Amino acid sequence: MNKIIKPLFALSALTLAMQAGAAGFALNETSASAAGTAYAGRGSNAEDASIMASNPAGIALLERAQVTGGLGYVLPKGEFEDSNGANKQDDFLKSAVIPFGYYAAPINDQLSWGLGIYAPFGATSDYDTDWTGRYMANKTVVEVVNIQPTIAYKFNDQLSFGASVFGSFAKGELTRSIDFSSASGTDGFSKMKGDDWGYGWSIGTIWQPTNKTSMGLSYRSKTKLTLKGDAEISNVPGALQQVLGLTSTITEKAKLGITLPENVELSLTHQLDDRWTVMAGANWTRWSRFKELVIVTDQDNGPISGTLGSAQGANNDPDVLTYVPENWKDVWAFSLGTSYKYSDALTLKAGYARDNSPVQDEYRTARIPDADRNWLTVGAKYEMAQDWTLDAAYGYMFTSKVTINEKGHNSNGTENGTTLTGEYKTTAHVVSMSVTKRF
370 MNKIIKPLFA LSALTLAMQA GAAGFALNET SASAAGTAYA GRGSNAEDAS IMASNPAGIA
430 LLERAQVTGG LGYVLPKGEF EDSNGANKQD DFLKSAVIPF GYYAAPINDQ LSWGLGIYAP
490 FGATSDYDTD WTGRYMANKT VVEVVNIQPT IAYKFNDQLS FGASVFGSFA KGELTRSIDF
550 SSASGTDGFS KMKGDDWGYG WSIGTIWQPT NKTSMGLSYR SKTKLTLKGD AEISNVPGAL
610 QQVLGLTSTI TEKAKLGITL PENVELSLTH QLDDRWTVMA GANWTRWSRF KELVIVTDQD
670 NGPISGTLGS AQGANNDPDV LTYVPENWKD VWAFSLGTSY KYSDALTLKA GYARDNSPVQ
730 DEYRTARIPD ADRNWLTVGA KYEMAQDWTL DAAYGYMFTS KVTINEKGHN SNGTENGTTL
790 TGEYKTTAHV VSMSVTKRF
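Residue numbering for the sequence shown follows the working numbering, starting at 370 and increasing by one per position.
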């Protein structure tokens, strides 16, 4: 019975890597105007209202009220091959549409306000139900949306300051198979769903020492969440039903405490001449907060943690549904970009970014097969008539091959004998577009 692995809580999807966004489970797709330069300068170059997602001070530099709305379309491709080359998966990462919208307006010559809605974190993946790592992961879907009111103050032509508060709504679904081979020779199936609200804040400043140079510094706080939902196990073998007094499908309330990490971003924009502008960015994220994933029961003597869990004997912790060691590390991401003003209406852009993964090799999992990312991007801004602006960008992301040697764990933290070894490689195409209307 030691191979009966309790189901991972679906809300742990918050901790899963989409592999097409930023490192860990963060997403970059909050601005099409910044995407063309690989997000270099996104916290210092106030092109439109989307700057509030990275630096709330930026809306103080917008001279007119405006609405910016758009989306990013992510088309990732993940490749997995096990250690003996017998099992492969190449379609487990799924495409996603990531929308965003912002409004910003000056109240007077110095004070501005705004409101943004965007997705800072997210993931989607779906392995075949019979793949070799099905006891580690099958389907994962997660959505995290921020609603962010913002205020900014322009002290003078050189210095601006901004602050935001935001509510983060998160929901997720997770499925995987359960090894009931010792009881019936067939797999069980676990599915979990849940959601929660969390709250945080951000501050930022922009300093313009000259009319050609802008420097931005911003900080976004951590966000604590306690996600609650229902755990479900189906296809419980008849033998276990009889011995333990269960039905073929059992459910239980469960919860997961998770902290979305804080980050600090540095940003630089410098205009070389009337046509060329260069940008740079550096972003530090405190992923070391994520040391382990522990999902606990939210009811007394539930059928999963109590009755089925007791079958693990000494390997069981009656309060824990899932234990996964993570031991992530703090990381930096760096970006460089440039823009060329081809004409009064058209500006062309390009950029490169290096996004380091917080996942250490020995702790890589099928649910988080994260790796260092490299980004190449191009983009364009077109100033249309009557105060309309169109932004479009294309990005290509690629990683090197990385190894996985994942070990399954019992609820008390001991290894249960389940393993997954092999290699992962990921690429992605990302298309971003937005429209801005100024009033």
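Glycine is no exception: its CB is placed at the ideal position from the N, C-alpha and C atoms.
Note that this is a predicted model, so its numbers are computed, not measured.
*Identify whether D564 lies in helix, strand or coil by the three-state DSSP scheme.*
strand
*Segment contact flag, the region 770-778 with the region 742-762, C-beta cutoff 8 Å, min 3 pairs*: no
_Given this structure, state the Cα-to-Cα distance separating L462 from M802, to the nearest angstrom._
22 Å
_Contact the region 779-795 vs the region 392-407: 3+ CB pairs below 8 Å_ = no
*Roughly how many angstroms lie between the CA atoms of T592 and A749, to the nearest whole one?*
34 Å
_E555 versus Y793 - alpha carbon distance_ = The sequence given here has Thr at residue 555, not Glu. The straight-line gap separating the alpha-carbon atoms of T555 and Y793 is approximately 28 Å.
*Hey, how far is the Cα of G624 from the Cα of V663?*
The question names Gly, but residue 624 in the sequence shown is Lys. Their Cα atoms are separated by approximately 9 Å.
*With DSSP as the reference, label E784 as helix, strand or coil.*
strand
*When you compare each of T783, L430, F530, A797 to N685 by their alpha carbons, which one comes out closest?*
T783
*Compare the beta carbon distance of T795 and T768 with 8 Å and say whether it is the shorter of the two.*
yes
_Suppose contacts are defined by Cβ-Cβ distances below 8 Å. Is R736 in contact with T579 by that definition?_
Between R736 and T579, the CB-CB gap reaches or exceeds 8 Å.
*In the structure shown, what three-state DSSP assignment does V799 receive?*
strand
_So for L789, helix, strand or coil by DSSP?_
strand
*Mapping DSSP to helix, strand and coil, what is N657?*
For the sequence presented, residue 657 should be read as Ser rather than Asn. DSSP places S657 within a helical segment (H, G or I) once states are collapsed to three.
*Spatially closest choice to S481 from G470, Y721, L715, S533, by CA coordinates*: S533
*So, is R545 buried or exposed, given that buried needs 16 or more other C-beta atoms within 10 angstroms?*
buried
*Nearest-angstrom Cβ-Cβ length linking T406 and S708, presumed shorter than 8 Å*: Between T406 and S708 a beta carbon distance of about 7 Å is seen, short of the 8 Å cut, so the two are scored as contacting.
*Where K718 and D478 are concerned, what is the direct C-alpha to C-alpha distance, given to the nearest angstrom?*
31 Å
*Compute the Euclidean distance between the alpha carbons of G447 and N774, then round it to the nearest angstrom.*
17 Å
*For L745, write down the residues that DSSP places opposite it in a beta bridge.*
Y721, Y765
*Could you check where the alpha helix (DSSP H) with A403 kicks off and where it finishes?*
401-404
*Reducing DSSP to helix, strand and coil, say where S674 ends up.*
helix
*Bridge partners - M421, DSSP secondary structure assignment*: Looking at the DSSP assignment, M421 forms no beta bridge with any residue, so it has no partner.
*How long is the line joining the alpha carbons of W566 and Q640, rounded to whole angstroms?*
41 Å
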